[in-house]
């Protein structure tokens, strides 16, 4: 029995490492060949300007030198304004309200970070995919079978 557990852990560790390497290689390939308008700059839009959203945004900005935050969207004006000031995003690229995500998606962003409560994610993801945007979305993807 002991050998089986050790093999399972090793297999799990191998798969985890291989998956991480594949994801990193894929991301690097995207960053290297991105067709962004501004000489390789990837334009990021954030939907969900709360604490977790700003954390994800900060991680994204630190991930590569060619990343620029160009649009923000949130249901609440105070959260959006706090993020806007912190990341120096122009007011005309900041959207508030229930349809703010649609307005952000309609901008020239290359990647949309969906960091809202999970019950909104299926609708937001569908809109992003329909618009041809790349998406980073946190888990869970949805909260019920209908969202899936």
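Numbering (the numbering used here), first residue to last: 176 to 323.
A virtual CB, placed ideally from N, CA and C, is assigned to each residue, including glycine.
Cα-Cα separation between residue i and residue j, rounded to whole angstroms
i	j	result
residue 221	residue 247	5 Å
residue 242	residue 279	17 Å
residue 321	residue 303	18 Å
residue 274	residue 282	13 Å
residue 400	residue 272	This structure cannot settle anything about residue 400, because the visible part of the chain is limited to 176 through 323.
residue 311	residue 264	19 Å
residue 240	residue 309	18 Å
residue 287	residue 307	10 Å
residue 237	residue 266	23 Å
Which listed residue (the options) has its alpha carbon closest to that of residue i
i	options	result
residue 249	270, 307 and 304	270
residue 305	259, 277, 258 and 319	277
residue 293	244, 223, 216 and 282	223
residue 216	228, 225, 244 and 226	244
residue 260	229, 308 and 283	229
residue 227	237, 310, 291 and 267	291
residue 225	237, 239, 289 and 265	289
Buried or exposed (CB count within 10 angstroms, at least 16 for buried), residue i
i	result
residue 258	buried
residue 268	buried
Nearest-angstrom Cβ-Cβ length linking residue i and residue j, presumed shorter than 8 Å
i	j	result
residue 285	residue 218	5 Å
Is the region 297-307 touching the region 232-246 in the sense that three or more CB pairs, one from each, lie closer than 8 Å?
-> no
If we count Cβ pairs, one from each stretch, closer than 8 Å, do we get three or more for the region 303-319 versus the region 239-254?
-> Pairwise C-beta distances place the region 303-319 out of contact with the region 239-254, as fewer than three of them are shorter than 8 Å.
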